[in-house]
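*Asks:* Numbering of the sequence shown is given in our numbering, commencing with residue 983 and proceeding in unit increments.
Cβ atoms here follow ideal geometry from the backbone N, Cα and C, with glycine treated the same way.
Handing you this structure, nothing more for now.
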Amino acid sequence: MERTLVLLKPGVLQRRIAGEVISRFERKGLKIVAFKLLRMDRSLVEAHYAEHRGRDFYDKLVEYTLSGPVAAMILEGEDAIALVRRLAGPTNLLEAPPGTIRGDYAAQTRLNVVHASDSPASAEREIALFFRPGEICPWEDGNGEWF
Ligand code: CMP
C-alpha cells in the first residue's frame, strides 16, 4: 500500500471545485487518510518546490501558491503515487487529455489545479512537510453495516 501527497492549489477553493476534484480520487477507490486546509508560508512553499528554484516559472509559482489557502491530503491505495499522477494528468497542459483533472479543469500549466508527489521518495518527503504522524488517520474498509 502506498501513500502520496496531494495539494489542491488556491484556485480550487476560489473556483469552488474542491468537491469535484476530491471525488475523482474517491471514485477511483483511493482512501483519504489525512486532510487539512492551510495557508502555506514562504518557507514551506520554498521547501516544497525546492527542486524548481531557478526555473523561469519559479517566482510566479511561489506567488500563486501563497495567494490563498490550499487543501493538503494524503491519499492511500495500491500504486497510489502513479495512480494519482494519472488521474491528475501531465504537468504540461497541452499534453493533459480530457478526462484527467488538469485536462478538464486547468487552462495554464502553472495554474494546474493539483500537485501530486511524483515518486516514493517525494511522497515521503512531502508528506513529512505537511503532516505530523499524529495527523494521519488510517482506517479499514468495513462491511457496510455503518453506512
Ligand atoms: P506541480 O505539480 O505543483 O509541480 C511544480 C509546478 O510548477 C507545476 O505543478 C506547475 O504549477 C509549475 N510548472 C511546471 N512547469 C511549468 C512551466 N513550464 N510553466 C509554468 N509553470 C510550470
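Contact between the stretch 1014-1026 and the stretch 1075-1089: three or more CB pairs below 8 Å?
*Replies:* Contact fails: fewer than three Cβ-Cβ distances are below 8 Å.
*Asks:* Less than 8 Å between the beta carbons of V988 and V1066, yes or no?
*Replies:* Taking the first residue of the sequence shown as position 1, residue 988 is located at position 6. Taking the first residue of the sequence shown as position 1, residue 1066 is located at position 84. Yes, these two residues count as a Cβ contact at 8 Å.
*Asks:* To the nearest angstrom, how far is it from the Cα of P992 to the Cα of D1061?
*Replies:* On the sequence shown, residue 992 is found 10 positions in, with the first residue counted as 1. On the sequence shown, residue 1061 is found 79 positions in, with the first residue counted as 1. Straight-line Cα distance between these residues: approximately 27 Å.
*Asks:* Going straight from the alpha carbon of G1081 to that of A1089, what length do you get?
*Replies:* What you label residue 1081 is simply residue 99 of the sequence shown in a count that begins at 1. What you label residue 1089 is simply residue 107 of the sequence shown in a count that begins at 1. The straight-line gap from Cα to Cα measures roughly 14 Å.
*Asks:* For the ligand PLP, is there any heavy atom lying closer than 7 Å to the beta carbon of T1073?
*Replies:* Within the structure as shown, the ligand PLP is missing, the only ligands being the ligand CMP.
*Asks:* Is R985 near A1105, with beta carbons less than 8 Å apart?
*Replies:* In the sequence shown, the residue the question calls residue 985 occupies position 3. In the sequence shown, the residue the question calls residue 1105 occupies position 123. Yes, they are a contact pair.
*Asks:* To the nearest angstrom, report how far apart P1072 and T1091 are at their CA atoms.
*Replies:* Here residue 1072 corresponds to residue number 90 of the sequence shown, with the count starting at 1. Here residue 1091 corresponds to residue number 109 of the sequence shown, with the count starting at 1. For P1072 and T1091, the distance between alpha carbons rounds to 9 Å.
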